[in-house]
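Residue numbers (this note's numbering): 24 to 78.
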């Protein structure tokens, strides 16, 4: 595990897959009618059950 600008990243030893938190955004309009990102949720890497396909 090491720090990145987006937060901690971990490489799985089983398949060298890089794992880090993901972000769920919604697009909304600001006061000037520009599209901006609205953070809905942060999904921790530990909560994403990614399968190990290469062994």
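Don't be surprised by glycine CBs; every beta carbon is placed ideally from N, CA and C.
Bridge partner(s) assigned by DSSP for residue i
i	result
residue 68	DSSP, once it has assigned bridges, lists no residue as partnering residue 68.
residue 26	31
residue 43	32
residue 77	Answer is none; residue 77 lacks a bridge partner.
Contact belief for residue i with residue j at Cβ below 8 angstroms, rounded distance in angstroms
i	j	result
residue 47	residue 66	6 angstroms
residue 52	residue 58	7 angstroms
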